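Down below is the structure, laid out as structure tokens.
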Amino acid sequence: MMGSRYAPRFGVSLGLGILRESWKALTQSNMEFPEVFEDYEKYHSAVNTGNLSRARLVEDWIEPGATVLDVGVGDGTVSNYLIKNKNVKVTGLDISATACEKARQLGIATEIRDITNGLGLSDDTFYEYILLLEVIEHTAYPQRILNDAIDHATKGVIVTIPNSAYIKWRIQMLRGYVPRQSFTHLHFWSVRDFEIFCKEANIKILEFRTFLPNHLMKFKNLLAWQQCWLLSPKRNNNHQ
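According to this note's numbering, the stretch in the sequence shown is residues 368 to 607, in order.
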């Protein structure tokens, strides 16, 4: 497991950022829920889902020219970055027609698909990498989605999720509030939780990354807001 080469040195921007977020969580008076929408069309019409920091965190795991399935492609920001920087061949899936249209405008091939009951891939369809970036926490059956992904990836499944044990959320809990993550989240994992979840689901973890320098990785369950996991595909998983 390792930190991020993009993580700032502790003591300046990273430390100040954590302190600011902790103080805000302790003193914030307006505790309205963020991102409350009736459906994902309204969500993708109102929210910018692109986050290049996640793309930079995972790009070293993906070889140039690889085939990639981006599940929950959103507005296509991450896929577009990987196309430009890694020359990958991407197909994007999303439940939202609005999101798929935004991604198509960037030249990304997309399909509108509800993955509640699985990815909907044929038995002979495979990708070298399948991306599930900020996806499984929104789904009713995350284990089903992960199992489907490891069945159809040949080199790896890349998953990012929020760390629900991040210090900001802990402080909000101490104040008596459910952590104010996106209201669209159905499942919640700390870093330790996800390790246990994968073990119980017989899913092999290959590597972990987050936005922390290496000397703070032992505190990742407290200080990391982002979890990023590289999971083994089924054919390479010795536990399957």
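Ideal Cβ placement from N, Cα and C applies to all residues, glycine included.
Predicted model only: the values in this text are computed from it and were never measured.
**Request:** Locate the beta strand (DSSP E) running through R576, then write down its first and last residues.
**Result:** I572 to R576
**Request:** Could you spell out the range, first to last residue, of the alpha helix (DSSP H) harbouring T492?
**Result:** Counting along the chain, no alpha helix (DSSP H) covers T492, and no H or E run does either.
**Item:** Inter-residue spacing [alpha-carbon to alpha-carbon] between W390 and S531
**Value:** Approximately 17 Å between the Cα atoms of the pair.
**Asked** How is the beta strand (DSSP E) around L513 delimited, first residue to last?
**Response** Unbroken run through L513 is the alpha helix (DSSP H), P509 to H519; no beta strand (DSSP E).
**Request:** Over the uninterrupted alpha helix (DSSP H) stretch that includes E388, give me the two end residues.
**Result:** S380 to T394
**Asked** Taking the continuous beta strand (DSSP E) assigned at L449, which residues delimit it?
**Response** Counting along the chain, L449 falls outside any beta strand (DSSP E), though it belongs to the alpha helix (DSSP H) covering T444 to K453.
**Request:** May I have the straight-line CA-CA distance separating R559 from N588, to the nearest angstrom?
**Result:** 7 Å
**Residues near N454 by beta carbon distance below 6 Å, same chain, minus five either side** = P431 and G432
**Asked** Would you call the CB atoms of S599 and K566 closer than 9 Å?
**Response** No, these two residues do not count as a Cβ contact at 9 Å.
**Asked** If you drop the 5 nearest sequence neighbours on each side, which residues of the same chain put their C-beta closer than 6 Å to that of R421?
**Response** L500 and T527
**W536: first and last residue of the uninterrupted alpha helix (DSSP H) it sits in** = I534 to L541
**Request:** Using three-state DSSP, classify V558 as helix, strand or coil.
**Result:** helix
**Item:** Cβ neighbour criterion (16 or more within 10 Å) applied to Q594
**Value:** buried
**Request:** Provide the residue span of the alpha helix (DSSP H) that contains K587, from first to last.
**Result:** K587 to L590
**Item:** Alpha-carbon to alpha-carbon, F555 and L541
**Value:** Approximately 17 Å, taken between the alpha carbons.
**Asked** Quick one: what's got a C-beta closer than 7 Å to W428's C-beta in the same chain, skipping five residues either side?
**Response** These residues qualify, in order along the chain: G523, I525 and L597.
**Asked** How should P529 be labelled, buried or exposed, when 16 other C-beta atoms within 10 angstroms of its C-beta is the threshold for buried?
**Response** buried
**Asked** Which residues bound the alpha helix (DSSP H) around T477?
**Response** Unbroken run through T477 is the beta strand (DSSP E), A476 to I479; no alpha helix (DSSP H).
**Message:** Taking the beta strand (DSSP E) that T434 belongs to, which residues open and close that run?
**Reply:** T434 to V438 is the span of the beta strand (DSSP E), which, as asked, contains T434.
**Prompt:** What are the partner residues of V524, as DSSP defines its beta bridges?
**Reply:** I497 and L598
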